[in-house]
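Let me begin by presenting the structure, written as structure tokens, before commenting on it.
Numbering (the working numbering), first residue to last: 1254 to 1376.
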């Protein structure tokens, strides 16, 4: 499973570096908020995987619906003249930090515990 993720990451980076993808500057706000929402979904999926609760259907639907909702919120705010994208940045940003902290704790706990559940070292 981790091999597939690493291969996907490498392929994505290589494609991103060598394929010239451009978009109008007017879309940069929407794309940045959608990327933030997608990154939140990826960290949430990694967290769910560490907790043995990962579900592909939930991950894929959450990935796209979060990105679309965040971009739509930014679009509506832009049309109303109200910076509603701040709500998406705040919500997804706080969830990013929360998921990252939980992932960090899971990984540290795995490093300090033996497979039989015994703690090694000074935790």
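All C-beta atoms, glycine included, are put in the ideal place defined by N, C-alpha and C.
List the endpoints of the continuous alpha helix (DSSP H) containing residue i.
{"i": "residue 1250", "result": "Because the chain spans 1254 through 1376 in this model, residue 1250 falls outside it and cannot be assessed."}
Can residue i and residue j be called in contact, C-beta distance under 8 Å?
{"i": "residue 1296", "j": "residue 1352", "result": "yes"}
{"i": "residue 1345", "j": "residue 1301", "result": "no"}
{"i": "residue 1320", "j": "residue 1354", "result": "no"}
{"i": "residue 1282", "j": "residue 1338", "result": "yes"}
{"i": "residue 1284", "j": "residue 1271", "result": "no"}
{"i": "residue 1312", "j": "residue 1298", "result": "yes"}
Sorry if obvious, but does the Cβ on residue i come closer than 7 Å to a heavy atom of the ligand ADP?
{"i": "residue 1257", "result": "Absent from the structure shown: the ligand ADP. Ligands present: none."}
Comparing alpha-carbon positions, which option in the options lies nearest residue i?
{"i": "residue 1317", "options": "1335, 1279, 1292, 1340", "result": "1292"}
{"i": "residue 1391", "options": "1298, 1323, 1314, 1347", "result": "Only positions 1254 to 1376 of the chain appear in this structure, which leaves residue 1391 out of reach."}
{"i": "residue 1348", "options": "1315, 1294, 1259, 1334", "result": "1294"}
Item to check | Start-end ranges of the beta strand (DSSP E) lying completely within the stretch 1310 to 1342, minimum 3 residues | outcome: none
Check whether the stretch 1290 to 1309 touches the stretch 1263 to 1272, taking contact to mean three or more Cβ pairs, one atom from each stretch, closer than 8 Å.
no
>> For the structure I just gave you, are there three or more beta carbon pairs, one from the stretch 1312 to 1332 and one from the stretch 1359 to 1366, closer than 8 Å?
In response: no
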